[in-house]
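Numbering (the numbering used here), first residue to last: 20 to 578.
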């Protein structure tokens, strides 16, 4: 049985000429750090080599990503994480997403002429949860001194780093948006333009912010000098945030939710994240024999696309902050409900009007990183500003952008996700974890509404088709990033005849490149507890890599 499990997730081709993936998995008996930017992976691996825990490495890598991939993440955003303890087998999860300012109300925004939630600017800003998440995770799972974890980020912000390919393209997309904000223009544009690939970029203001956090902890961000700078920036732009909104915020420890998929236990975070949609989609797919279908063929893609629409219709209707709304979690991920939803899938025709069901009647731009240390402990962590550079508001004197996560609220007071004081918005970012026997997997795929459906496709690739974790990441994906209609984004590597057959069923396809950035980018680590060996994989849709912890000889140079 265990041999079969390993073949399923760690499958290697018998002959090199049969290779069907672009990259090899990283395999090590020490730790591995997988992120979307190689310098961040390197920072985490160096922390592991110094005796740091998986969580130490994750925090160091994430802080570094805030410097080297600043359009996607940073201290001005939110964070979610799952931690698996190899010794106890216990999973722990944290929701460190911020809330709306107490004084930001639907009536206030409507009085300013808003018909929908602003997607940019100070009114789209919610309290950043990232730094408090780091602090709580470090206090519980860290080994090294807190201040040591920020030294790689400080170094790269001070000394500069060459901007990488995908990051430079994303940066360029929002040049005009950044130019609207005086601070953003001064910090993130060079002579009015985004830095190009290979151009060395420095951010000494961000280095100053990290130094304060390193020395003073989260207090610097929520009550100290950085908090004052956030409020000064907000006041200058007409924002409603006050010191109590920052100082009273705390991340929340939560219980992961899960489902069984053909013998694998798959875990996601509960609402207000979209993780529940990944589980609902997998439940529906479990009722179809995907293992007998051609991988990325007509039957599989049509079934997955239809399951996605049904799961996302429910997500859009019901998912919200559970402190404010009753979310029918148990019903949404029950197999009884999945069977009812699966009946709505027509094998011959695409459904363009998927409506939410009644699960209550049944009882019973972002970064993702993953780390495994030499003991087998796993961190699955995701962190985001939401869109490129979030709100495009950059904090006075400290060189980091504030997220625009508030843009996901609704201004309809009857909607479960309606804006309310101190409420968390619906969240797209989700870390994930799966396990079977002695094989434990931390995984995630960033990319807005793409994430839950990408998680389901990854799990199916591994479980239904026995793909290696690297091949499962690389395999061509589809993504539907709207709630209605039959429009679907699909990668060009799906065969033309299959795309034509999907169109004949009513799917309206937009064909993207071979490895399209709109499909998001994933990272995976695996711990095989029987062998004591770790595996890592990194998505070629991003600039990153899975980097192993260096051996002690290289980690500590001889004097």
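Ideal Cβ positions, reconstructed from N, Cα and C, are used throughout, including at glycine.
Whose CA, out of the options, lies closest to the CA of residue i?
{"i": "residue 240", "options": "154, 187, 223", "result": "154"}
{"i": "residue 164", "options": "187, 182, 201, 236", "result": "236"}
{"i": "residue 365", "options": "329, 399, 112", "result": "329"}
{"i": "residue 208", "options": "101, 191, 560", "result": "191"}
{"i": "residue 442", "options": "122, 63, 87", "result": "122"}
{"i": "residue 95", "options": "158, 469, 143, 68", "result": "143"}
{"i": "residue 357", "options": "300, 375, 412", "result": "300"}
{"i": "residue 475", "options": "428, 319, 433, 411", "result": "319"}
{"i": "residue 349", "options": "530, 400, 290, 182", "result": "290"}
{"i": "residue 595", "options": "79, 38, 108, 100", "result": "Missing from the structure shown is residue 595; the chain here goes from 20 to 578 and no further."}
{"i": "residue 516", "options": "64, 297, 317, 82", "result": "317"}
{"i": "residue 82", "options": "463, 400, 522, 363", "result": "400"}
{"i": "residue 466", "options": "238, 538, 533", "result": "538"}
{"i": "residue 447", "options": "471, 327, 234", "result": "471"}
Using three-state DSSP, classify residue i as helix, strand or coil.
{"i": "residue 322", "result": "helix"}
{"i": "residue 410", "result": "coil"}
{"i": "residue 39", "result": "coil"}
{"i": "residue 183", "result": "coil"}
{"i": "residue 46", "result": "strand"}
{"i": "residue 261", "result": "coil"}
{"i": "residue 382", "result": "At residue 382, the pLDDT of 41 sits below 50, so the modelled position is not reliable; the number obtained from the coordinates is stated separately. Note: residue 382 maps to coil in three-state DSSP."}
{"i": "residue 250", "result": "helix"}
{"i": "residue 515", "result": "helix"}
{"i": "residue 197", "result": "helix"}
{"i": "residue 567", "result": "strand"}
{"i": "residue 555", "result": "strand"}
{"i": "residue 417", "result": "coil"}
Identify, in the order they occur along the chain, each residue of the same chain with its Cβ nearer than 8 Å to the Cβ of residue i, setting aside the five sequence neighbours on each side.
{"i": "residue 430", "result": "125, 128, 129, 133, 134, 135, 136, 437, 438"}
{"i": "residue 407", "result": "90, 91, 189, 190, 192, 193, 196, 384"}
{"i": "residue 72", "result": "160, 161, 162, 163, 392, 396"}
{"i": "residue 411", "result": "139, 140, 193, 196, 197, 199, 200, 203, 420, 423"}
Closer than 7 Å by C-beta to residue i: which residues in its own chain qualify, once you throw out the five before and the five after it? Chain order, please.
{"i": "residue 93", "result": "85, 404, 419, 420"}
{"i": "residue 524", "result": "321, 367, 368, 369"}
{"i": "residue 564", "result": "57, 60, 557"}
{"i": "residue 104", "result": "396"}
{"i": "residue 185", "result": "536, 561, 562"}
{"i": "residue 149", "result": "94, 96, 97, 98, 115, 402"}
{"i": "residue 311", "result": "none"}
Ordered along the chain, which non-local residues of its own chain (more than five positions away) have a Cβ less than 6 Å from that of residue i?
{"i": "residue 344", "result": "435"}
{"i": "residue 252", "result": "414, 415"}
{"i": "residue 426", "result": "136, 138, 143"}
{"i": "residue 505", "result": "369, 371, 525, 526, 527"}
{"i": "residue 469", "result": "498, 539"}
{"i": "residue 566", "result": "52, 60, 61, 64"}
{"i": "residue 462", "result": "451, 543"}
The ligand COA heavy atoms versus the CB of residue i: any closer than 6 Å?
{"i": "residue 201", "result": "The ligand COA is absent from the structure shown, which contains no ligands of any kind."}
Does residue i get closer than 7 Å to chain C when you measure Cβ to Cβ?
{"i": "residue 414", "result": "No chain C is part of this structure, which consists of one protein chain only."}
- Message: Quick check for students: name the residue ranges of the alpha helix (DSSP H) that lie wholly in the stretch 427–511, counting only runs of 4 or more.
- Response: 469–484, 488–493
- Message: List, from N- to C-terminal side, the alpha helix (DSSP H) runs of 4 residues or more that fit wholly inside the stretch 58–94.
- Response: 73–87
- At what residue ranges does the stretch 209–237 contain a whole run of the alpha helix (DSSP H), taking only runs of 4 or more? 223–235
- Task: Just list the beta strand (DSSP E) runs in the stretch 96–180, keeping only unbroken ones of 3 residues or longer that don't cross its boundaries, in chain order.
- Result: Complete beta strand (DSSP E) runs here, min 3: 97–103, 110–115.
- Task: Jot down the residue ranges of each uninterrupted alpha helix (DSSP H) in the stretch 292–361, minimum 4 residues, whole runs only, in chain order.
- Result: Correct list: 294–304, 317–337, 348–351, 354–361.
- Message: Using 8 Å as the cut-off, can you tell me whether the stretch 38–52 makes contact with the stretch 549–565, which would need three or more C-beta pairs spanning the two stretches below that distance?
- Response: yes
- Item | Any 3 or more C-beta pairs closer than 8 Å across the stretch 173–186 and the stretch 216–235 | The stretch 173–186, when compared against the stretch 216–235, does touch it at the 8 Å Cβ threshold.
- Are three or more beta carbon pairs between the stretch 265–284 and the stretch 330–339 nearer than 8 Å? No, because fewer than three Cβ pairs between the stretch 265–284 and the stretch 330–339 fall closer than 8 Å, the two stretches do not touch.
- Query: Would you say the stretch 243–250 touches the stretch 104–116, given that touching needs at least three Cβ pairs under 8 Å?
  - Reply: no
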